[in-house]
Amino acid sequence: MTYDITLVRVQPGLTLQEALDRFNASFDPDADLPELRLSDAQRAEWDRIADRVSREIGSVECEVYRYSLTLETVGPPGRVQLDYAGDTGNIEIAYHYSGPAALAVMDLAYRIARIVEEESGLTGHDFEVDQPARTGDPARAAARLSGVSDWAQSHLR
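If you read the sequence shown in my numbering, its first letter stands for residue 1376, the second for the next number, and so on.
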């Protein structure tokens, strides 16, 4: 289980929730995931995202998978993974950061989310603490990440 920040393309006239509801309505848990088929514009978005994250944040590893493109930070302050599928994206952070480490990794995750929003037009939302990625407070997210991480360390060992 990971701490997630969700990114979705919101069509004009829809709210974020309506866009998510439409996306989720088409999801069939028994069906195979559709293979990744990016438009030229979506591929260009990904290239801009990967380039900008590597320039502004630091070294990243990128992989092409059957269902998404993945970018993962390399090095301090910790691992943040971005999965991009054109009209959706997801940022994942493992629940093992607490205290100052949680704040550093959530600052990084929110920076990546904002880059994705700026380069792709996707809208990011952190449902863990119910705040938009664009204007949300990484410290609030870090407190949640830290609390769950501390609980897991003390109860799941």
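All C-beta atoms, glycine included, are put in the ideal place defined by N, C-alpha and C.
Quick test of your reading: A1400 and V1383, contact by CB under 8 Å. State the CB separation rounded to the nearest angstrom. Not really, about 13 Å apart at Cβ, beyond 8 Å.
Cβ neighbour criterion (16 or more within 10 Å) applied to I1456: In the sequence as displayed, the identity of residue 1456 is Gln instead of Ile. Buried, since its Cβ has 16 or more Cβ neighbours within 10 Å.
Let's test the definition: count the other Cβ atoms within 10 Å of the Cβ of T1381 and tell me whether it reaches 16, buried, or not, exposed. buried
For I1432 and R1509, believed in contact at Cβ under 8 Å, the rounded distance: Going by Cβ atoms, the distance from R1509 to I1432 rounds to 17 Å, so no, they are not a contact pair.
Since R1519 and Q1506 should fall inside the 8 Å C-beta cutoff, what is the C-beta to C-beta distance between them, to a whole number of angstroms? So it is not a contact: roughly 10 Å between Cβ atoms.
Compare the Cα-Cα distances from A1534 to each of Y1459, D1512, A1517 and L1444 and report the closest residue. Residue 1534 cannot be examined here, being either before or after the span of the chain that is shown, 1376 to 1532.
If you compare alpha carbons, which of T1445, R1441, H1471 and V1439 is closest to P1452? H1471
With DSSP as the reference, label H1500 as helix, strand or coil. strand
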